[in-house]
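What follows is a single structure, written as structure tokens, with notes after it.
Protein chains: 4
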Amino acid sequence: MSSGNLADRPTFGVGQVGYAFMGRTHSQAWRTVGAFFDLPVTPVMAALVGRSPDAVRAAAAQLGWAAAETDWRQLLKRDDIQVVDICTPGDSHAEIAIAALGAGKHVIVEKPLANTVAEAEAMAEAAAAAAERGVRSMVAFNYRRVPALALARQLVADGRLGTIRHVRAQYLQDWITDPEFPLVWRLQRDKAGSGALGDIGAHIVDITQFVCGERITGVSAVTETFVKERPLADASAGLSAQAGGAVATGPVTVDDAAIFTARFAGGALGSFEATRFATGRKNALRVEINGSRGSLAFDFESMNELSFYDAEEDGGTAGFRRILVTEPEHPYLGAWWPAGHLLGYEHTFTHEVRDFLLAVAEGTDPTPSFADGLQVQRVLAAVEDSAAAGSAWTPIP
Amino acid sequence: MSSGNLADRPTFGVGQVGYAFMGRTHSQAWRTVGAFFDLPVTPVMAALVGRSPDAVRAAAAQLGWAAAETDWRQLLKRDDIQVVDICTPGDSHAEIAIAALGAGKHVIVEKPLANTVAEAEAMAEAAAAAAERGVRSMVAFNYRRVPALALARQLVADGRLGTIRHVRAQYLQDWITDPEFPLVWRLQRDKAGSGALGDIGAHIVDITQFVCGERITGVSAVTETFVKERPLADASAGLSAQAGGAVATGPVTVDDAAIFTARFAGGALGSFEATRFATGRKNALRVEINGSRGSLAFDFESMNELSFYDAEEDGGTAGFRRILVTEPEHPYLGAWWPAGHLLGYEHTFTHEVRDFLLAVAEGTDPTPSFADGLQVQRVLAAVEDSAAAGSAWTPIP
Amino acid sequence: MSSGNLADRPTFGVGQVGYAFMGRTHSQAWRTVGAFFDLPVTPVMAALVGRSPDAVRAAAAQLGWAAAETDWRQLLKRDDIQVVDICTPGDSHAEIAIAALGAGKHVIVEKPLANTVAEAEAMAEAAAAAAERGVRSMVAFNYRRVPALALARQLVADGRLGTIRHVRAQYLQDWITDPEFPLVWRLQRDKAGSGALGDIGAHIVDITQFVCGERITGVSAVTETFVKERPLADASAGLSAQAGGAVATGPVTVDDAAIFTARFAGGALGSFEATRFATGRKNALRVEINGSRGSLAFDFESMNELSFYDAEEDGGTAGFRRILVTEPEHPYLGAWWPAGHLLGYEHTFTHEVRDFLLAVAEGTDPTPSFADGLQVQRVLAAVEDSAAAGSAWTPIP
Amino acid sequence: MSSGNLADRPTFGVGQVGYAFMGRTHSQAWRTVGAFFDLPVTPVMAALVGRSPDAVRAAAAQLGWAAAETDWRQLLKRDDIQVVDICTPGDSHAEIAIAALGAGKHVIVEKPLANTVAEAEAMAEAAAAAAERGVRSMVAFNYRRVPALALARQLVADGRLGTIRHVRAQYLQDWITDPEFPLVWRLQRDKAGSGALGDIGAHIVDITQFVCGERITGVSAVTETFVKERPLADASAGLSAQAGGAVATGPVTVDDAAIFTARFAGGALGSFEATRFATGRKNALRVEINGSRGSLAFDFESMNELSFYDAEEDGGTAGFRRILVTEPEHPYLGAWWPAGHLLGYEHTFTHEVRDFLLAVAEGTDPTPSFADGLQVQRVLAAVEDSAAAGSAWTPIP
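Chains X, G, U and L supply the protein sequences, listed in that same order. Position one of the first sequence corresponds to residue 1 (the UniProt record's numbering), numbered consecutively onward. Position one of the second sequence corresponds to residue 1 (the UniProt record's numbering), numbered consecutively onward. Position one of the third sequence corresponds to residue 1 (the UniProt record's numbering), numbered consecutively onward. Position one of the fourth sequence corresponds to residue 1 (the UniProt record's numbering), numbered consecutively onward.
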């Protein structure tokens with residue numbers, strides 16, 4: 001695959017903060033990227049950070065990190081670390097990211113960028129300042145790196161859809177339909193910022209804007225919390241958790257679901273829905289776009305496929321094509337297997353760190369930027385504002 | 001199929017007004033229903049009404065009507081006619097229906113019930129008065145008679161979905177995406193009342209309320225007319241039409257698309273979209289319902305199928321089932337073919353007139369009633385009001 | 001639709017023999033065809049034939065036939081009857097068809113043409129002789145008139161598939177998986193000729209040859225009867241029947257399933273399967289064809305769709321297109337509804353009698369001819385011969 | 001995930017021979033398995049073997065192997081290597097595997113086990129002898145470790161399908177439909193043993209027997225080479241290759257496609273097809289099984305899904321369920337992501353080495369064994385024999 005000599009390439013030390021669900025996906029990405037992609041730099045999994053010494057040491061051993069740290073500030077002091085990858089809940093993003101950028105570390109931060117617009121603004125400002133010093137940053141909207149969605153972006157950019165008229169996007173999950181499911185951190189406003197809206201709604205706001213190449217200009221929204229009180233959680237891991245034996249409960253302080261209409265800058269109408277109460281839908285990030293020349297449809301539950309309708313085709317044979325996005329000419333696919341041998345969820349992160357490393361090595365700004373993350377945050381804030389104001393139309397600043 | 005003697009059954013004269021798209025579907029229904037369903041009465045296709053003498057005579061001959069009339073008032077005078085079936089554009093519904101009910105004729109009227117809430121109110125009032133005299137009426141929301149949607153209603157009524165959390169419904173077509181498509185009557189407010197909203201949005205308002213057994217209590221909406229001026233049409237037939245050679249154009253006075261959020265009486269959130277600009281979607285009436293115990297999904301483009309997720313199933317084998325709704329135990333199917341031999345669009349009308357005839361013969365009120373049609377009209381009006389008021393939340397009276 | 005005057009057209013009396021499952025489909029076709037298609041002649045449903053006077057009289061009334069007869073020979077004597085439509089089990093096809101052709105009646109006969117090659121040869125001979133006198137005949141392989149399969153034929157004929165390499169066809173049903181299902185006539189060799197092979201295997205032999213425009217040249221086969229003894233049936237109707245209370249059973253004398261490999265004249269390999277034991281598959285007539293330039297896939301359980309892969313497309317956007325075969329330019333569709341408004345099973349018969357009437361009126365031979373039916377019979381016989389000879393390769397004469 | 005201490009576990013040195021397509025999948029498996037599965041031993045990627053010193057050194061660096069060797073015999077001498085993983089073409093399997101087992105190394109060998117029955121017999125014999133000494137072996141039919149197919153096996157083993165009546169399996173690819181595609185090693189009998197038959201047909205023979213828990217007892221077959229002469233290849237990698245500029249061509253000495261009927265020990269009929277000429281199908285390993293109580297369907301192009309029809313369900317709601325096989329209770333899934341976050345092709349290998357390591361650590365024989373591989377080889381040989389003998393029925397010894 002590689003024509004050059006791996007040994008001659010500069011190494012790039014990575015320090016990662018957090019090793020829960022997102023921490024595991026990022027670790028797998030760092031561990032895998034060099035084996036498949038021809039990179040100008042060699043990432044080194046230098047240190048993993050967690051608060052519990054024993055637990056972080058065990059995680060580092062299992063996930064392949066050379067060392068474990070219990071304070072993220074240690075990463076900033078280490079010369080062998082060039083990248084800080086932040087996989088913690090949203091309430092700590094701003095502090096860590098701004099400090100890391102200040103220390104001259106390139107930064108990747110999980111989405112949503114922050115829990116508030118104010119934090120996101122501070123982060124975007126810090127990122128802009130850092131970029132002038134050649135220090136790069138990126139917010140990890142990993143679905144941009146689903147090959148089928150990257151292909152979708154290409155088709156829109158190539159004009160294959162013409163003028164976009166309709167965008168409909170849903171992100172449907174069902175992991176908290178059981179009222180006995182406990183009050184994990186993702187259901188608490190102080191930790192998570194918002195509920196379905198910020199966790200998964202953020203993804204469909206970003207991905208539709210990315211694919212369309214257009215921004216949302218205003219929204220009208222309704223949000224709902226169907227189950228208002230839940231058992232307290234003893235512990236939580238990833239998206240699953242077990243209620244403790246205790247009968248103690250606490251209030252759910254985030255939305256269970258958010259639905260909103262929107263307008264895009266180019267005149268398209270948008271219809272959005274993010275929910276954790278769509279029984280039977282496990283991770284159905286679905287996007288449909290209708291344009292004057294064609295249409296696209298995607299569902300992450302069939303993530304290797306993109307449906308494309310080309311209105312320029314002869315009427316008698318026109319139809320939605322199921323493109324199996326596994327051909328060498330598809331985005332990212334040249335590095336992987338022969339056609340028809342599918343990729344999985346984790347590869348979106350492998351592609352993400354690949355693009356990040358390429359950009360940093362080339363001295364360019366990776367995307368999506370913190371500014372992009374801030375704009376998504378503003379859309380989410382407008383959704384909440386509109387919902388609080390009787391669905392009144394709320395422009396995005 | 002029939003155990004009794006056909007000859008002994010009372011006949012039921014039908015007079016139908018209109019023979020365009022809807023007139024043809026209703027004619028096929030009247031012609032077919034008796035051959036498949038065991039009915040207490042025998043419908044007789046007595047007279048077809050149209051304004052042009054030659055054209056209506058030719059249509060009557062082709063579609064199987066015994067006679068042709070050029071004035072619908074003639075139907076009201078004929079003793080051999082017990083049913084008036086109104087298949088005209090919405091602007092004439094109120095006048096014909098109220099007169100026919102007044103003359104003691106049972107009435108079926110195509111949807112939407114009327115072009116305005118005021119007209120619909122007058123019609124509902126007339127229907128209520130007529131019902132006291134044993135004169136029946138029905139608004140023809142034919143999709144209630146898609147077997148898969150009738151099955152959906154049964155599953156919800158049987159509690160298989162539990163508490164409903166989410167309703168998402170779209171009615172997507174693409175027949176006017178070409179800006180050169182002419183200004184047919186369906187694009188003119190005075191004839192059609194509204195655009196996508198009243199034509200196809202009305203269907204998804206009705207069908208979701210029917211399947212859920214719950215009414216919409218409020219909406220927040222956005223509407224749009226993408227192509228604001230179109231060539232004048234020489235003529236129109238069904239959903240297709242040809243622009244004349246003339247360069248003259250006229251304004252489109254209805255919406256091309258309407259999107260809205262909603263709340264249902266039982267607490268569910270609704271997300272609705274009706275458009276004629278969904279390139280590649282031909283007649284995609286799609287409904288998804290998520291409840292605490294299960295979910296349903298339907299797309300009219302695969303009208304013989306219903307997807308059902310039963311959350312009571314063991315996790316290891318749970319999944320959306322593709323129910324091929326062609327079994328003898330499915331609604332209406334006992335009258336048709338062996339399992340797996342599909343039905344088509346037209347059969348929704350056959351089922352509709354079957355249910356109408358049964359109700360009339362049994363002396364009960366068929367559904368959906370004019371009152372149901374009026375309620376749909378109120379939802380449509382609220383959608384327009386909300387769209388005109390910056391998407392402000394608008395309760396349904 | 002029609003520009004001419006219906007009244008000026010010659011009428012065409014039809015006499016139909018049989019009114020069970022196939023008799024009902026043909027009746028619906030005769031009743032419907034004139035309302036949708038512009039025909040040079042007007043079919044008249046003159047007489048229905050059955051053995052039981054009361055039953056046939058009731059059926060005639062319900063299905064719309066003007067008269068009932070108890071002996072098919074009566075049809076041959078009536079001057080007002082120009083067409084005899086034979087919907088009886090295969091053991092009576094030869095006698096009725098040959099007599100009817102001899103009497104100068106045009107003949108449609110349900111498939112399979114006959115129960116034996118010898119009978120089929122006699123019928124083909126009679127048909128050839130009759131054709132010289134202008135008397136027409138047709139075997140009713142109705143699936144040729146599924147619009148999606150007619151479109152498939154067009155695509156192959158237009159060269160869109162290139163050289164055909166693979167044909168795989170299955171006709172999967174499950175209506176006799178229950179060993180308590182009774183011994184209906186379709187399970188008895190003397191009535192039905194063969195089992196799944198002749199009933200549904202005949203369809204996939206015909207349809208693949210039709211779509212490919214190539215004949216099968218040889219086969220190697222395995223057949224099986226999974227349930228060898230069944231309760232005697234009191235009565236049977238269509239594909240469903242009820243076992244009598246009696247414990248008496250009888251031997252199943254036909255195959256439950258037949259699988260075979262084949263070669264086509266142009267070099268393609270064929271893989272065929274016909275079974276009544278495919279649990280969950282109701283009427284899954286499935287055809288896939290792979291050629292050097294493209295591929296097709298079809299499943300009757302989604303009969304309004306054709307999947308088409310065009311290998312000439314750019315690799316990045318190639319994919320199987322789901323063509324919704326409901327556009328005006330699709331075969332037969334111009335006569336029906338707007339795009340996206342699906343057709344059902346019964347209209348394969350409507351299209352069949354339409355094509356028959358057109359051919360007869362134009363003085364040409366309709367297809368498939370009795371000679372085509374004979375060739376299918378020879379393939380079926382070769383399948384049985386091969387199965388009896390240890391799957392030895394068996395050429396078709 | 002792991003409760004024990006990673007550092008306390010014994011390490012297990014792995015030496016891998018080959019680093020082309022299969023070598024890359026196995027490398028990724030060895031690199032990944034420990035990060036997700038709690039293993040009793042820790043695999044160490046000790047050495048990679050290839051013939052070209054420079055190339056193997058570069059590959060080892062990229063794929064994460066500690067050392068590179070140019071002779072597989074070196075692996076047998078190294079005490080730090082306990083496992084030899086053979087990823088070479090089939091012609092070298094027997095020699096390497098027998099020597100490695102003789103040297104006391106546990107062995108994994110890619111499928112097909114060998115190019116001839118004789119070689120496979122020798123290997124199975126060596127494996128049986130080694131097992132008595134506690135030396136383990138496994139043939140790498142990776143599709144057994146697709147979670148959906150492992151679930152399929154469970155459902156059959158649990159009796160959810162009842163008596164199996166039909167098995168239909170296809171492995172469809174299209175990578176050599178272009179006659180200009182060069183003569184790579186997979187198209188040469190001396191290297192590959194056979195063509196589509198051994199390469200992909202072997203997989204569907206193994207997987208259907210595995211899922212059904214029954215062996216194939218006899219076959220009747222047809223094979224074909226559509227393109228008999230191809231340009232000589234300069235080089236080949238994976239499934240893609242480039243023709244050299246030379247006009248020189250050579251004969252294709254293997255089958256392009258093989259189709260065969262089969263009988264299973266329990267009475268089921270089998271219909272099989274393996275081809276590299278199914279235009280548009282990229283890696284469509286498809287299996288359908290119909291039993292008296294239910295049915296299954298699978299397509300690797302949607303590898304995270306299993307379709308299951310349960311005939312015990314109420315008729316009105318029965319249907320093929322699309323099980324998204326990503327729940328924690330599904331085979332292998334507990335180690336991965338939350339539900340709905342899909343796995344890819346490569347993880348079939350991760351699961352494979354996980355099962356291998358577990359078996360070895362527990363002192364049991366992993367499956368599929370060399371004896372299983374030999375039996376598959378006998379089926380393939382019977383297919384070739386039958387094809388050479390006019391499709392005569394050929395029992396499996």
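Cβ coordinates follow ideal geometry from the N, Cα and C atoms, glycine included.
Starting from residue i, trace the alpha helix (DSSP H) both ways and give me its first and last residue.
i, result
"A152(X)", "147-157"
"R133(X)", "Unbroken run through R133(X): none, as it is neither H nor E."
Can you grab the Cα-Cα spacing for the pair residue i / residue j, in whole Å?
i, j, result
"E120(G)", "E110(G)", "This sequence places Ala at residue 120(G); Glu is not what is there. C-alpha separation (whole angstroms): 12 Å."
"A67(G)", "L48(G)", "6 Å"
"S27(X)", "V184(X)", "23 Å"
"R9(G)", "H351(G)", "20 Å"
"L75(U)", "I81(U)", "7 Å"
"K191(G)", "G267(G)", "36 Å"
"R281(L)", "F272(L)", "16 Å"
"V44(L)", "V325(L)", "30 Å"
"Q16(G)", "Q62(G)", "14 Å"
"P53(L)", "T70(L)", "6 Å"
"P231(G)", "P182(G)", "5 Å"
"V376(G)", "D206(G)", "6 Å"
Taking residue i as the query, report the chain G residues whose CB atoms sit under 7 Å from its CB, ordered along the chain.
i, result
"Y345(U)", "W337, H341, L342"
Can you tell me which of the three DSSP states residue i falls into?
i, result
"Q377(X)", "helix"
"Q74(L)", "helix"
"I396(U)", "coil"
"Y171(G)", "strand"
"Y309(L)", "strand"
"S194(X)", "coil"
"H341(X)", "coil"
"S295(X)", "strand"
"G238(L)", "For G238(L), the predicted model reports a pLDDT of 47, less than 50, meaning its position is unreliable and no value from the coordinates is stated."
Please list the partners that residue i has in chain U, where partner means a Cβ-to-Cβ separation under 9 Å.
i, result
"M45(G)", "Chain U residues near M45(G): none, gap ~11 Å exceeds 9 Å."
Is residue i near the ligand NAP, with its Cβ less than 8 Å from a heavy atom?
i, result
"A262(U)", "Looking at this structure, you won't find the ligand NAP or any other ligand, since it has none at all."
Could you please give the first and the last residue of the uninterrupted beta strand (DSSP E) stretch that includes residue i?
i, result
"H106(X)", "106-110"
"M45(X)", "42-49"
"P63(G)", "A quick correction: the sequence has Leu, not Pro, at residue 63(G). Per DSSP, L63(G) belongs to no beta strand (DSSP E); it is in the alpha helix (DSSP H), 53-63."
On the DSSP bridge assignment, give the partners of residue i in chain order.
i, result
"R321(U)", "R321(X), F308(U)"
In chain L, what lies closer than 8 Å to residue i by C-beta?
i, result
"R168(U)", "Q170, E273"
Using a cut-off of 8 Å between C-beta atoms, extract the partners of residue i located in chain G.
i, result
"R144(U)", "Result: empty, since nearest Cβ-Cβ is about 16 Å, beyond 8 Å."
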